[in-house]
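Asker: I am attaching a structure below and will ask some questions about it afterwards.
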Amino acid sequence: MAPAPADALLDRLRDRDAVVRCQAARDIGTARLRSGVRELIQVLADDASAPVRSAAAEALGKIGDATARGPLERALRSEREDAVKGAIAVALSHLGAASGDYPGIVPVSEE
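Everything in the sequence shown is counted per my numbering, starting at 1 for the first residue and increasing by one.
Right, here's the structure in full:
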């Protein structure tokens, strides 16, 4: 029996290829897959690839689950890459944070 589509997406978050992980995070966000929130939070905290962390943050913002706010805020404090910080700021704005809540952080424009 083939895995469910949601399970297949979540499995791709653990792929060795960063491009695959990045696309999986985007797909989870586009699908607004709430079952992926915990995994996306883990990716945001641990993935070595900045583009994958950015995609995870963007996906969390699109899903809009309030449980992601604390982990996003922690990631914002510890993240060193400006592009990832911008993606986190956009995600936080989707969760109701005002842009003034995070001085010095300018959200990247959404396309």
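Yeah, the Cβ is synthetic: ideal placement off N, Cα and C, and Gly gets one too.
Within 10 Å of its beta-carbon, does Ala2 have 16 or more other beta-carbons around it, so buried, or fewer, so exposed?
Answerer: Locating residue 2 in the sequence shown gives position 2, counting from the first residue. Note that Ala2 scores a pLDDT of 45, beneath 50, so its modelled location is shaky and nothing firm can be said.
Asker: Out of Ala50, Asp47, Gly36, Arg80, which one is the CA nearest neighbour of Lys62?
Answerer: As a working note, residue 62 is residue 62 in the sequence shown. Selected option, being the one with the closest Cα: Gly36.
Asker: Nearest CA to the CA of Gly29: which residue from Asp65, Arg16, Ala18?
Answerer: Looking up residue 29 in the sequence shown gives position 29. Comparing Cα-Cα distances from Gly29 to each of Asp65, Arg16, Ala18, the minimum goes to Asp65.
Asker: Could you check which residue in Leu60, Ala8, Val19 has the C-alpha nearest to that of Ala50?
Answerer: For this step, residue 50 is matched to residue 50 along the sequence shown. Of the listed residues, the one whose Cα sits closest to Ala50 is Val19.
Asker: Thinking C-alpha only, which one of Gln23, Ala83, Leu40, Ala68 is nearest Leu92?
Answerer: Walking along the sequence shown from the start, residue 92 turns up at place 92. If we check each option's Cα against that of Leu92, Ala68 comes out closest.
Asker: Between which residues of its own chain and Val52 is the CB-CB distance below 7 Å, once the five residues before and five after are set aside?
Answerer: The residue you call residue 52 lines up with position 52 of the sequence shown. Same-chain partners within the cutoff: Ala18, Arg21, Cys22, Ala25, Val43.
Asker: DSSP three-state call for Asp47: helix, strand or coil?
Answerer: Translated into positions along the sequence shown, residue 47 becomes position 47. Three-state DSSP puts Asp47 in coil, outside helix and strand.
Asker: Going by CA-CA distance only, name the one from Glu79, Glu81, Pro5 that's closest to Ala31.
Answerer: One-based indexing of the sequence shown puts residue 31 at position 31. Among Glu79, Glu81, Pro5, the Cα nearest to that of Ala31 is on Pro5.
Asker: Should Ala56 be labelled buried (16 or more other beta-carbon atoms within 10 Å of its own) or exposed?
Answerer: Here residue 56 is taken as the residue at index 56 of the sequence shown, counted from 1. The residue is buried, with at least 16 neighbouring Cβ atoms inside 10 Å.
Asker: Decide if Ser54 is buried, meaning its Cβ has at least 16 other Cβ atoms within 10 Å, or exposed.
Answerer: In the sequence shown, the residue the question calls residue 54 occupies position 54. Counting Cβ neighbours within 10 Å, Ser54 comes out buried, since at least 16 surround it.
Asker: For Gly86, count neighbouring Cβ atoms within 10 angstroms of its own Cβ and tell me buried if that reaches 16, exposed if not.
Answerer: Looking up residue 86 in the sequence shown gives position 86. Label assigned to Gly86: buried.
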